[in-house]
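Engineer:
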Amino acid sequence: MIVSPKIRGFICTTAHPDGCAKHVEEQIAVVKGRGLVQGGPKKVLVIGSSTGYGLSSRIAAAFGCNAATVGVFFERPGEEKKTATAGWYNTVAFEKQAKEAGLYARSFNGDAFSDEVKHEVIAAIKEDLGQVDMVIYSLASPRRTDPKSGEVYKSVLKPIGETYTNKTLNTGNGAVDEVTIEPAEGDDVDQTVKVMGGEDWEMWMDALLKAGVLAENVQTVSYSYIGPEVTWPIYKNGTIGKAKEDLETVQRSLDVKLAPISGKAWVSVNKALVTQASSAIPVVPLYISLLYKAMKAAGTHEDTIEQMDRLFRERLCNGNPQPDEAGRIRIDDWEMTDEIQQIVGKRWEDVNTENLSELADFDGYQAGFLKLFGFGLEGVDYEAECDTAVGVPSLS
Ligand code: NAD
Numbered sequence: 000m001i002v003s004p005k006i007r008g009f010i011c012t013t014a015h016p017d018g019c020a021k022h023v024e025e026q027i028a029v030v031k032g033r034g035l036v037q038g039g040p041k042k043v044l045v046i047g048s049s050t051g052y053g054l055s056s057r058i059a060a061a062f063g064c065n066a067a068t069v070g071v072f073f074e075r076p077g078e079e080k081k082t083a084t085a086g087w088y089n090t091v092a093f094e095k096q097a098k099e100a101g102l103y104a105r106s107f108n109g110d111a112f113s114d115e116v117k118h119e120v121i122a123a124i125k126e127d128l129g130q131v132d133m134v135i136y137s138l139a140s141p142r143r144t145d146p147k148s149g150e151v152y153k154s155v156l157k158p159i160g161e162t163y164t165n166k167t168l169n170t171g172n173g174a175v176d177e178v179t180i181e182p183a184e185g186d187d188v189d190q191t192v193k194v195m196g197g198e199d200w201e202m203w204m205d206a207l208l209k210a211g212v213l214a215e216n217v218q219t220v221s222y223s224y225i226g227p228e229v230t231w232p233i234y235k236n237g238t239i240g241k242a243k244e245d246l247e248t249v250q251r252s253l254d255v256k257l258a259p260i261s262g263k264a265w266v267s268v269n270k271a272l273v274t275q276a277s278s279a280i281p282v283v284p285l286y287i288s289l290l291y292k293a294m295k296a297a298g299t300h301e302d303t304i305e306q307m308d309r310l311f312r313e314r315l316c317n318g319n320p321q322p323d324e325a326g327r328i329r330i331d332d333w334e335m336t337d338e339i340q341q342i343v344g345k346r347w348e349d350v351n352t353e354n355l356s357e358l359a360d361f362d363g364y365q366a367g368f369l370k371l372f373g374f375g376l377e378g379v380d381y382e383a384e385c386d387t388a389v390g391v392p393s394l395s
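The sequence shown runs 0 to 395 under numbering that gives the first Met the number 0.
(1) Determine the burial state of Gln321: buried for a count of at least 16 other Cβ atoms within 10 Å of its Cβ, exposed for fewer.
(2) What does the alpha-carbon distance come out to for the pair Ala258 and Met202?
(3) Assign Gln96 to one of two classes, buried (16 or more other C-beta atoms within 10 Å of its C-beta) or exposed (fewer than that).
(4) Let me know if Thr1 comes out buried or exposed under the rule of 16 or more other beta-carbons within 10 Å of its beta-carbon.
(5) The ligand NAD: which residues have Cβ under 6 Å from any of its heavy atoms, chain order?
(6) Is Glu377 helix, strand or coil by DSSP?
(7) I'd like the span of the beta strand (DSSP E) that includes Ala70, first residue to last.
(8) Output the boundary residues of the alpha helix (DSSP H) element that contains Asn89.
(9) Can you give the Cα-Cα distance for Gly367 and His22, rounded to whole angstroms?
(10) Just the Cα atoms here: how many angstroms apart are Lys193 and Leu207?
(11) When burial is assigned at 16 or more other CB atoms within 10 Å of the CB, is Glu305 buried or exposed?
(12) So Pro227 and Gln340 are in contact, right, with Cβ under 8 Å, and what is the actual spacing, rounded?
(13) Between Glu338 and Ala297, how many whole angstroms is the CB-CB distance? I'm expecting something under 8 Å.
(14) Mind reading off the beta-carbon distance from Lys292 to Ala183? Whole number of angstroms is fine, and I expect it under 8 Å.
(15) Keeping to the same chain, check which residues put their C-beta closer than 6 Å to that of Val343; ignore five residues upstream and five downstream.
(16) Among residues of its own chain, excluding the 5 on either side of Glu215, which ones have a beta-carbon nearer than 6 Å to its beta-carbon?
(17) For my contact list, Lys98 and Ala66 are in at a C-beta cut-off of 8 Å; report their separation, rounded to the angstrom.
(18) Among the residues of its own chain, which have a CB less than 8 Å from the CB of Val350, if the five just before and after it don't count?
(19) Would you decide whether Thr82 is buried or exposed? Buried here means 16 or more other CB atoms lie within 10 Å of its CB.
(20) Take Arg57 and list the residues in its own chain whose beta-carbon comes closer than 7 Å to its own, dropping the five residues that flank it on each side.
(21) Suppose you measure from the CA of Pro450 to the CA of Val188; what does that come to, to the nearest Å?
(22) Whole angstroms is fine: what's the gap from Gly34's alpha carbon to Ala59's?
(23) Assuming Asn108 and Leu394 make a contact with CB atoms under 8 Å, what is their CB distance in whole Å?
(24) Going by other Cβ atoms of all chains shown within 10 Å of its Cβ, with 16 needed for buried, is Glu198 buried or exposed?
(25) With DSSP run on the structure shown, which of helix, strand or coil describes Gln218?
(26) In this structure, does DSSP put Trp200 in helix, strand or coil?
(27) So who's on the other strand from Ile46, going by DSSP bridges?
(28) With which residues is Phe311 paired in a DSSP beta bridge?
(29) In three-state DSSP terms, what is Leu35?
(30) Taking just the CA atoms, how far does Trp87 sit from Ser55?
(31) Output needed for Ile27: all residues of its chain with C-beta closer than 7 Å, excluding positions within five of it in sequence on either side, in chain order.
(32) Expressed to the nearest angstrom, what Euclidean distance is found between the alpha-carbon atoms of Leu213 and Val131?
(33) To the nearest whole angstrom, what separates the beta carbons of Glu74 and Ala388, a pair I think is in contact under 8 Å?
(34) With Thr191 as the anchor, note down where its alpha helix (DSSP H) starts and where it stops.
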């Protein structure tokens, strides 16, 4: 099948197998180019390992630390006439590269919120690795089925208390419009906390600990975002922000639970980047486009792979995590410098449809978005037939 992008709103419904493979190869090259991480983990479980920050975490662990990796994700396999989701092709490519490098890699495609997947993964760790010494939790999901009650919870991206109106970018046509978002109502906050808060992270860690598959000195990390004040009503102070606060509460609880095995839980605050999850948040694509322009000009721009490599190399594995006053790791540090935020803040005031390409890196945003689905990568023949039904080796 010849595969081209089909964009519907903020999602691309097709993915290119060879393009996704190239994207994974590029990420591996970044990590390898920086040399082996000293003191890195040896056996790593990544929950949400197929795209975005989780995929880059898995690559940083495998190719930066020579770690064996177990990955968990929820993706759709391809068929002869229908493409898989990007995360499926990313995993096919990751496993192929890991095998060539002599690295153990096993993947699980299923609902990470369920008890069944937790049991399956724990059994596999016991069987193949004995224990893991790092657990990365990088799920981003719009809904969660509670494994005990069967109830389905839905997360929403809304401000709390007041209606929020601000600039936003229509990523379909490059128009800078205004968006008004009504505040959360009913149990919107509780629902969002159920999905994107720390409960499932804690359930995973409880189950892993109980099964005895966490090694001494294990570290576990979950990802968060804070960002600048202009996005606070919709992010930090909105429904998703409440879920991220819950993550920090769970982090402190996990620290206590892991103390007997000298383990440590972290929340790492990462940079705003184009991913499948972030492209769905109103206001954020405009902020990201302005941010990319400023950070590229300053020479400090990073993508998920550079972020995750820096997290492993300069925070988690070198004994110098540099936590902030709340105990969080901050690899959003370069994004949040006064210099960058002043430029972005000023341009936020000035930006409109006419001057967008001058003030913001909308081209970079779009290229980054397409890349998530394997499009626009150099060296890939997009006119050629490709095998869309390719399987993930460890799942076949
Ligand atoms: P993403 O959409 O690229 O990745 C989500 C991952 O979760 C995928 O691997 C997907 O398969 C998996 N997943 C979703 N539902 C699942 C389920 N039910 N069972 C198993 N796997 C499931 O998202 P991302 O942007 O990389 O986000 C990961 C984390 O990083 C989130 O906590 C997010 O808040 C955080 N974060 C993102 C940004 C950003 O700008 N993108 C910034 C800071 C922090």
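For every residue, glycine included, the Cβ atom is placed at its ideal position computed from N, Cα and C.
For clarity, every value in this text was computed on a predicted model and none was experimentally measured.
Structural biologist: According to the structure shown:
(1) Counting from one through the sequence shown, the residue named residue 321 turns up at place 322. So Gln321 ends up on the exposed side.
(2) As a first step, residue 258 must be located in the sequence shown, where it is residue number 259. As a first step, residue 202 must be located in the sequence shown, where it is residue number 203. Approximately 17 Å between the Cα atoms of the pair.
(3) Within the sequence shown, the letter at position 97 stands for residue 96. Taking all protein chains in view, the Cβ of Gln96 is crowded by 16 or more other Cβ atoms within 10 Å, so the residue is classified as buried.
(4) Counting from 1 along the sequence shown, the entry for residue 1 is found at position 2. Note that residue 1 is Ile in the sequence shown here, rather than Thr. That one is exposed.
(5) Per the Cβ criterion, the list is Gly47, Ser48, Ser49, Thr50, Gly51, Tyr52, Gly53, Val71, Phe72, Phe73, Glu74, Gly86, Asp110, Ala111, Phe112, Ser137, Leu138, Ala139, Ser140, Tyr222, Ser223, Tyr224, Asn269, Ala271, Leu272, Thr274, Gln275, Ala276 and Ser277.
(6) The sequence position of residue 377 within the sequence shown is 378, counting from 1. Assignment of Glu377 by DSSP, reduced to helix, strand and coil, places it in the coil class.
(7) Numbered from 1 along the sequence shown, position 71 holds the residue referred to as residue 70. Note that residue 70 corresponds to Gly in the displayed sequence, not to Ala. Start and end: Ala67 to Phe72.
(8) Counting from one through the sequence shown, the residue named residue 89 turns up at place 90. Its alpha helix (DSSP H) spans residues Ala85 to Glu99.
(9) Position 368 of the sequence shown, counted from the start, is the residue given in the question as residue 367. Position 23 of the sequence shown, counted from the start, is the residue given in the question as residue 22. For the pair Gly367 and His22, the Cα-to-Cα distance works out to about 11 Å.
(10) Taking the sequence shown and counting its residues from 1, one reaches residue 193 at position 194. Taking the sequence shown and counting its residues from 1, one reaches residue 207 at position 208. The straight-line gap from Cα to Cα measures roughly 20 Å.
(11) Here residue 305 corresponds to residue number 306 of the sequence shown, with the count starting at 1. Buried is the call here.
(12) Numbered from its first residue, the sequence shown carries residue 227 at position 228. Numbered from its first residue, the sequence shown carries residue 340 at position 341. Confirmed, about 6 Å.
(13) Residue numbering aside, residue 338 sits at position 339 when the sequence shown is read from its first letter. Residue numbering aside, residue 297 sits at position 298 when the sequence shown is read from its first letter. Contact between Glu338 and Ala297 holds: their C-beta atoms lie close to 7 Å from each other, under 8 Å.
(14) Indexing the sequence shown from 1 puts residue 292 at position 293. Indexing the sequence shown from 1 puts residue 183 at position 184. Actually they are not in contact, since the Cβ atoms of Lys292 and Ala183 sit about 32 Å apart, beyond 8 Å.
(15) Counted from its first residue, the sequence shown places residue 343 at position 344. These residues qualify, in order along the chain: Leu289, Leu290 and Ala293.
(16) One-based indexing of the sequence shown puts residue 215 at position 216. Excluding sequence neighbours, Glu215 sits near Ile260 and Ser261.
(17) Your numbering for residue 98 matches position 99 in the sequence shown. Your numbering for residue 66 matches position 67 in the sequence shown. Between the beta-carbon of Lys98 and that of Ala66 there is about 14 Å, and that puts the pair past the 8 Å contact cut.
(18) Taking the first residue of the sequence shown as 1, we reach residue 350 at position 351. Result list for Val350: Lys166, Val175, Leu285, Leu289, Leu358 and Ala359, in chain order.
(19) By one-based count along the sequence shown, residue 82 stands at place 83. In summary, Thr82 is buried, with 16 or more beta-carbon neighbours lying within 10 Å of its beta-carbon over all protein chains present.
(20) Start at 1 with the first residue of the sequence shown, and residue 57 comes out as number 58. Closer than 7 Å at Cβ, skipping near neighbours: Val45, Ser48, Thr68, Gly70 and Phe93.
(21) In the structure as shown, the chain begins at 0 and stops at 395. Residue 450 is therefore absent and cannot be evaluated.
(22) The sequence position of residue 34 within the sequence shown is 35, counting from 1. The sequence position of residue 59 within the sequence shown is 60, counting from 1. Whole-angstrom Cα-Cα distance: 11 Å.
(23) Mapped onto the sequence shown, residue 108 falls at position 109. Mapped onto the sequence shown, residue 394 falls at position 395. Between Leu394 and Asn108 the Cβ distance is about 6 Å, and since that is below 8 Å, they are a contact.
(24) Along the sequence shown, read from residue 1 onward, the residue named residue 198 stands at position 199. Buried is the call here.
(25) The residue given as residue 218 occupies position 219 in the sequence shown. If DSSP states are grouped into helix, strand and coil, Gln218 belongs with the strands.
(26) As a first step, residue 200 is located in the sequence shown; it is residue number 201 there, counting from the start. Reduced to three states, the DSSP call for Trp200 is helix.
(27) As a position in the sequence shown, residue 46 is number 47, starting the count at 1. The bridge partners DSSP lists for Ile46 are Val71 and Tyr136.
(28) The residue you call residue 311 lines up with position 312 of the sequence shown. The partner list for Phe311 (beta bridge, DSSP) is empty, contrary to what the question assumes.
(29) Translated into positions along the sequence shown, residue 35 becomes position 36. If DSSP states are grouped into helix, strand and coil, Leu35 belongs with coil.
(30) Position 56 of the sequence shown holds residue 55. Position 88 of the sequence shown holds residue 87. Spanning the two alpha carbons is a distance of roughly 14 Å.
(31) For the purposes of this step, residue 27 is taken as the residue at position 28 of the sequence shown. Excluding positions up to five away in sequence, the list reads Ile58, Phe62 and Gln96.
(32) Mapped onto the sequence shown, residue 213 falls at position 214. Mapped onto the sequence shown, residue 131 falls at position 132. Their backbone Cα atoms lie some 5 Å apart in a straight line.
(33) Here residue 74 refers to the residue found at position 75 when the sequence shown is read from its first residue. Here residue 388 refers to the residue found at position 389 when the sequence shown is read from its first residue. Between Ala388 and Glu74 the Cβ distance is about 14 Å, and since that is not below 8 Å, they are no contact.
(34) Counting from one through the sequence shown, the residue named residue 191 turns up at place 192. Asp187 to Met195 is the span of the alpha helix (DSSP H), which, as asked, contains Thr191.
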